[in-house]
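Peer 1: Quick note on this note's numbering: the sequence shown kicks off at 121 and runs consecutively.
Beta carbons are placed, not taken as given, at the ideal position from N, Cα and C, and that holds for glycine.
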Amino acid sequence: MNKDALHKNTLFPVFLKPENIRFLIVGGGNVALEKLQAIFSNSPAATVKLVAGKIAPATLQFLRSRQIPYAEKSFSEQDLQDVNLVIVAVNDKNASRQIKICCRHHNILTNVADTPDLCDFYLSSVVQKGDLKIAISTNGKSPTIAKRVKEVLTKAFPDEIDDVLANLAAIREQLSGDFQQKVQQLNKITEVLVASKNSEVNRSSSDF
Numbered sequence: 121m122n123k124d125a126l127h128k129n130t131l132f133p134v135f136l137k138p139e140n141i142r143f144l145i146v147g148g149g150n151v152a153l154e155k156l157q158a159i160f161s162n163s164p165a166a167t168v169k170l171v172a173g174k175i176a177p178a179t180l181q182f183l184r185s186r187q188i189p190y191a192e193k194s195f196s197e198q199d200l201q202d203v204n205l206v207i208v209a210v211n212d213k214n215a216s217r218q219i220k221i222c223c224r225h226h227n228i229l230t231n232v233a234d235t236p237d238l239c240d241f242y243l244s245s246v247v248q249k250g251d252l253k254i255a256i257s258t259n260g261k262s263p264t265i266a267k268r269v270k271e272v273l274t275k276a277f278p279d280e281i282d283d284v285l286a287n288l289a290a291i292r293e294q295l296s297g298d299f300q301q302k303v304q305q306l307n308k309i310t311e312v313l314v315a316s317k318n319s320e321v322n323r324s325s326s327d328f
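1) Report the residue ranges of all beta strand (DSSP E) runs contained in full by the stretch 216-293; include only those spanning at least 3 residues, in chain order.
2) Return the first residue and the last residue of the beta strand (DSSP E) that residue 206 is part of.
3) Is the stretch 137-149 touching the stretch 202-217, taking contact as three or more C-beta pairs under 8 Å?
4) Note down, in chain order, each residue of its chain lying with its Cβ closer than 8 Å to the Cβ of residue 141, except the 5 sequence neighbours on either side.
5) Rounded to whole angstroms, what is the Cα-Cα separation between residue 114 and residue 178?
6) At 3 residues or longer, what runs of the beta strand (DSSP E) sit wholly inside the stretch 147-175?
7) State the Cα-Cα distance for the pair residue 267 and residue 256, rounded to the nearest angstrom.
8) For residue 241, collect the residues of the same chain with a Cβ closer than 7 Å to its Cβ; drop the 5 residues on either side in sequence, then sort them by chain order.
9) Measuring straight from C-alpha to C-alpha, what distance separates residue 154 and residue 246?
10) So, for residue 121: in the same chain, excluding its five sequence neighbours on each side, which residues have a beta-carbon less than 6 Å away from its beta-carbon?
11) Is the beta carbon of residue 295 sitting closer than 7 Å to the one on residue 305?
12) So what does DSSP say about residue 135, is it helix, strand or coil?
13) My output table needs one value for residue 128: the three-state DSSP class, helix, strand or coil.
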């Protein structure tokens, strides 16, 4: 296998429904707070619990405001009961590794903050305009670039894009023919929009 193949980005993008998933966050500092905010900004109905030996005031305030169950204690294997996904946000590499091993034993996917080698999945930078949601990943290489791409795409898509999506959904319901024919018709309808957005993205990308 050549070097390029070994370093190829093999990530498989998936959009989860947080309301159907039980999250555990291990850690109570600023990073844990960022993960909490990311989850609930996407899905206010998400099911989350948190455990941490020490919980920062800002994190504690967020937990209480959302009525999120939490325990101010060290992580234990029992905390994984009925959990589907784990996010580890502790400032201790050895502890993070042990938690990861425990999660793997229970076949639970894990994200370990700032430690790509221990991650089964990454949390993406997200562009959202209504129902349009775009996830951005640099394969763990540069969150800074991911943030910059997010800024460019956010500027490129107008706030009215949600109305466009609603109109296209209505048009799709009215189209006749098989799947392939409908795709061809929708491609023609959206050609002008895509061309316009490409020019805006090109102008925005010149700021890099």
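Peer 2: Concretely, from the data shown:
1) Within the stretch 216-293, the complete beta strand (DSSP E) segments of 3 residues or longer fall at 229-232, 245-249, 252-256, listed in chain order.
2) 205-208
3) Taking 8 Å as the limit for Cβ pairs, the verdict is that the stretch 202-217 does touch the stretch 137-149.
4) 166, 167, 204, 205
5) What the structure shows of the chain is the stretch from 121 to 328, and residue 114 is not part of that stretch, so it cannot be assessed.
6) 167-172
7) 8 Å
8) 229, 231
9) 14 Å
10) At residue 121, the pLDDT of 43 sits below 50, so the modelled position is not reliable and the matter cannot be decided from this model.
11) One thing to note: residue 295 has its Cβ within 7 Å of the Cβ of residue 305.
12) coil
13) coil
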